[in-house]
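Undergrad: Residue 380, in this note's numbering, is where the first sequence stops; the numbers in between run on with no holes.
Cβ coordinates follow ideal geometry from the N, Cα and C atoms, glycine included.
Right, I'll just put the structure down here and ask away after.
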Amino acid sequence: MPELTFDLQHTDTATRARVGEITTSHGVIQTPIFMPVGTVATVKAVHQRELVTDVKAQIILGNTYHLYLRPGLDILRAAGGLHGFNGWTRPILTDSGGYQVFSLANTRKITEDGCTFRSHLDGSKHHFTPENVMDTQRVIGADIVMAFDECPPWPCTEKYATDSLALTERWLGRCIKRFDETEPLYGHYQSLFPIVQGSTDPTLRRRAAEHIASLGRAGNAIGGLSVGEPAEAMYDMTELVCEILPTAKPRYLMGVGTPANILESIARGVDMFDCVLPTRNARHGILYTTQGVMNITNAKWKADFAPLDAELGGYASTFYSKSYVRHLFHSQELLGPQIASIHNLTFYLWLVGEARRRILDGTFKGWKDEMVVKLMQRL
RNA sequence: GGGGGCAUCGCAUAGCGGCAAUUGCGGGGGACUGUAAAUCCCCUCCUUCGGGUUCAAAGGUUCGAGUCCUUUUGCCCCCA
2 MPELTFDLQH TDTATRARVG EITTSHGVIQ TPIFMPVGTV ATVKAVHQRE
52 LVTDVKAQII LGNTYHLYLR PGLDILRAAG GLHGFNGWTR PILTDSGGYQ
102 VFSLANTRKI TEDGCTFRSH LDGSKHHFTP ENVMDTQRVI GADIVMAFDE
152 CPPWPCTEKY ATDSLALTER WLGRCIKRFD ETEPLYGHYQ SLFPIVQGST
202 DPTLRRRAAE HIASLGRAGN AIGGLSVGEP AEAMYDMTEL VCEILPTAKP
252 RYLMGVGTPA NILESIARGV DMFDCVLPTR NARHGILYTT QGVMNITNAK
302 WKADFAPLDA ELGGYASTFY SKSYVRHLFH SQELLGPQIA SIHNLTFYLW
352 LVGEARRRIL DGTFKGWKDE MVVKLMQRL
């Protein structure tokens with residue numbers, strides 16, 4: 002069965018940053034890349050057309066747990082998978098529900114076999130196993146599907162981290178077996194990414210990364226970070242794991258992060274990112290700009306008629322003033338979150354695109370060091 | 001002209017003898033990292049954090065009054 006391919010085109014000399022191209026059945030992804038999160042078949046508050054024309058998203062996410070609950074597999078199958086359902090014709094990646102094992106800790110129970118969830122929608126019981134999660138992701142039909150893992154909380158005991166990793170690895174074996182025994186349903190190919198866990202324990206992480214490197218999958222992921230640990234721990238784990246994972250395969254750091262997190266992780270050899278921050282924070286009035294972070298609801302923007310971010314460019318960021326967008330938020334007008342979401346995603350895609358250009362022309366390190374300071378500034 | 005009702009922190013409200021005083025809105029600020037999040041949290045009389053001054057105004061009853069009584073002021077309703 003064919004899988005996605007990764008063409009590593011350039012590696013930075015001053016850092017471990019890389020430039021490459023992932024080719025999938027639904028098109029090419031230029032790395033490093035940020036993937037907007039579209040949990041329930043929509044990147045919240047943003048049209049698919051805007052994702053293409055304004056944001057310039059190359060790939061978006063979906064979530065197995067959420068899509069399984071609603072609209073449900075019958076509808077997704079009948080629609081021809083998620084691509085057919087939401088009309089997104091470019092690549093899609095689905096998370097397996099592993100993150101929900103973490104985030105819905107109050108309403109689920111983990112066993113050797115899998116994880117039983119209480120639906121957050123109606124309280125009904127649902128049992129997820131590595132096997133049925135692979136089957137479900139066949140039905141959803143994303144180009145990249147994630148292994149079903151447990152994302153341990155932070156902090157956790159050494160024993161918890163060890164046992165959790167062992168379970169994740171047993172589950173991974175079952176994911177791979179089932180995935181490799183089954184076929185895509187819609188005529189395009191799919192690739193399964195395994196996920197390195199191991200909390201913030203270097204020994205566990207190293208062992209996990211070596212195991213996953215040995216599997217030879219089309220791409221590999223780093224999970225279980227950005228769950229509350231200090232940024233330094235996240236960077237250390239990322240660096241350690243990237244040194245072990247194969248160079249010739251894309252590396253995906255799950256759930257990360259802030260603009261600074263992304264640049265620092267690119268510098269350590271990560272190729273792919275996703276995070277809810279640009280969209281969730283957009284809906285809460287937090288805007289990431291080329292000058293720093295701004296809370297557009299703050300009183301100080303009341304009469305500031307300058308664009309959101311003149312330097313960034315793009316329609317949403319240059320056409321609308323801070324004053325106007327603040328007004329929209331204070332009026333609870335839906336256009337506020339829409340503009341903010343498009344703006345933030347445009348910024349995130351600009352950020353990784355600029356990183357790519359800088360890596361290629363050899364100016365990445367200096368630029369990155371400058372930007373991580375600048376981008377965290379509160380305006 | 002006669003009768004009745006109501007005045008509480010920007011607005012709207014709770015309050016029925018022990019109250020710096022309820023709740024909502026409005027206002028100010030914060031959090032959010034593989035989305036149970038258009039959500040959640042904090043502040044919103046003054047303060048040198050000890051306390052001080054409050055419920056239209058003034059008087060009174062009471063150990064104690066936003067709450068009861070009297071007068072005044074303002075607003076609302078009904079009948080002429």
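Mind the definition here: the segment 201–212 touches the segment 163–173 only if three or more C-beta pairs lie below 8 Å; say whether that holds.
TA: yes
Undergrad: Rounded to whole angstroms, how far is the Cβ of S97 from the Cβ of D150, which I believe are closer than 8 Å?
TA: 7 Å
Undergrad: Is DSSP giving R233 helix, strand or coil here?
TA: According to the sequence provided, residue 233 is Glu. The question's Arg does not apply to it. Helix.
Undergrad: Spatial neighbours of T280 within its chain, please: CB distance less than 8 Å, with the 5 preceding and 5 following residues excluded, ordered by chain position.
TA: P37, V38, V44, K45, A46, V47, S342, N345 and L346
Undergrad: Please report the straight-line C-alpha distance between L105 and Y69, rounded to a whole angstrom.
TA: 15 Å
Undergrad: Can you list, in chain order, the residues of its chain whose CB lies under 6 Å from that of V373, leaving out five sequence neighbours each side?
TA: A261 and L264
Undergrad: For Q148, tell me which candidate among D136, E159, R379 and E244 has the shortest Cα-Cα distance.
TA: Residue 148 is actually Ala in this sequence, not Gln. Per the Cα distances, D136.
Undergrad: From the DSSP output, read off the bridge partner residues of Y289.
TA: V294
Undergrad: What is the C-beta distance between I223 and V197, in whole angstroms, given that I count them as a contact (C-beta under 8 Å)?
TA: Contact between I223 and V197 holds, since their C-beta atoms are separated by about 5 Å, short of 8 Å.
Undergrad: Do the CB positions of G220 and Y190 come within less than 9 Å of each other?
TA: Using a Cβ distance threshold of 9 Å, G220 and Y190 do not count as a contacting pair.
Undergrad: For the alpha helix (DSSP H) containing A18, name the first residue and the last one.
TA: From DSSP, A18 is part of no alpha helix (DSSP H); its letter is neither H nor E.
Undergrad: Can you give me the start and stop residues for the alpha helix (DSSP H) that G349 sits inside?
TA: What sits at residue 349 in the sequence shown is Tyr, not Gly. Y349 -> alpha helix (DSSP H) spans L336 to D362.
Undergrad: Hey, out of K160, T12 and Y289, whose CA is closest to G270's CA?
TA: T12
Undergrad: Taking Cβ to Cβ, would you say G337 is nearer than 9 Å to V326?
TA: yes
Undergrad: Exposed or buried, Q3, counting other C-beta atoms within 10 Å across all chains shown (16 or more means buried)?
TA: With the sequence shown as reference, residue 3 is identified as Pro, and Gln is not the correct amino acid for it. So P3 ends up on the exposed side.
Undergrad: Let me know the secondary structure DSSP gives T117 once reduced to three states.
TA: Correct three-state label for T117: strand.
Undergrad: In chain order, what residues of the same chain have a beta carbon less than 8 Å from the beta carbon of T298, not counting five sequence neighbours either side?
TA: G286, R327, F330 and H331.
Undergrad: Could you tell me the alpha carbon to alpha carbon distance between H121 and M377, rounded to whole angstroms?
TA: 34 Å
Undergrad: Evaluate K369 with the Cβ neighbour count: other Cβ atoms within 10 Å of its Cβ, from every protein chain shown; 16 or more gives buried, anything less gives exposed.
TA: buried
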